[in-house]
């Protein structure tokens, strides 16, 4: 599915930020330390093996890297694909949204959107009127089929677990939302191009963050947002 429905707006949802650890100590002023005459050279201590999580071939493993908008303290969350690790309520909501998207009937999303203060965020800028009518207005065909296809592709991508242990804890699809464009592997870029054109990808790199559609589900199974934009 190609982009063209990106809904740009003035706010960007937060992803996890962790404080960087202290840098390793080294020679000051750019000078290399000299050994004293007669002193035996010291053997380098073997590097300690760091524990890590097994990753799917071609996937990025978690680690600190320049992140969205060049943030040097950003830490990439683990990319996940196994839906069985989701809490039951979150996994069930994911299943219901996939079923609704596959049905071709956008009205089937209505029960999961909610209302009032607990309504699913569909636009950073807000909108007036019925949420289903609003989603139809975003769809090029006017019936909502295109937006359902985008939702389906988003939900079938890998996901990330963000803001863990906070009130904003969320499972977010697709994982591109949390992985800087320059860090994507070739297989991941192929997956990204199912959602974006190459031109959109270049714009995303220049912008510094993924800005196409993404969706979030809370551990309690609440469909929290389905938005595009910055």
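Residue numbers (the numbering used here): 16 to 245. C-beta atoms are modelled at their ideal positions from N, C-alpha and C, and glycine is treated no differently.
- Contact between residue 128 and residue 146 holds, with the beta-carbon distance rounding to 5 angstroms and staying under 8 angstroms.
- Residue environment: residue 134 is assigned as exposed (fewer than 16 neighbouring CB atoms within 10 Å of its CB, all protein chains considered).
- Contact between residue 153 and residue 162 holds, with the beta-carbon distance rounding to 5 angstroms and staying under 8 angstroms.
- A contact between stretches requires three or more CB pairs, one per stretch, nearer than 8 angstroms, and the stretch 137–146 fails this requirement with the stretch 179–187.
- Taking the C-beta atoms as reference points, residue 210 is found nearer than 8 angstroms to residue 227.
- Sixteen is the threshold: when 16 or more other Cβ atoms of the shown chains lie within 10 Å of the Cβ of residue 215, as they do, the residue is buried.
- In the displayed model, residue 91 falls within a strand according to three-state DSSP.
- As far as DSSP is concerned, residue 117 takes part in no beta bridge.
- By the criterion of a C-beta distance shorter than 8 angstroms, residue 113 is surrounded in its chain by 167, 170, 171, once the five residues flanking it on both sides are discounted.
- Under DSSP, the beta-bridge partners assigned to residue 187 are 175, 231.
- In terms of Cβ geometry, residue 92 and residue 160 do not form a close pair [threshold 8 angstroms].
- In the three-state reduction of the DSSP assignment, residue 101 falls in the coil class, being assigned neither a helical nor a strand state.
- Here residue 229 is actually not in contact with residue 186; their C-beta atoms are around 11 angstroms apart, not less than 8 angstroms.
- Following the DSSP letters along the chain, one finds residue 169 inside the alpha helix (DSSP H) bounded by residues 160–170.
- Beta-bridge partners assigned by DSSP to residue 136: 240.
- Taken through DSSP and simplified to helix, strand or coil, residue 96 comes out as coil.
- By the criterion of a C-beta distance shorter than 8 angstroms, residue 151 is surrounded in its chain by 121, 157, 158, 159, 162, once the five residues flanking it on both sides are discounted.
- Assigned with DSSP and collapsed to three states, residue 110 falls in helix.
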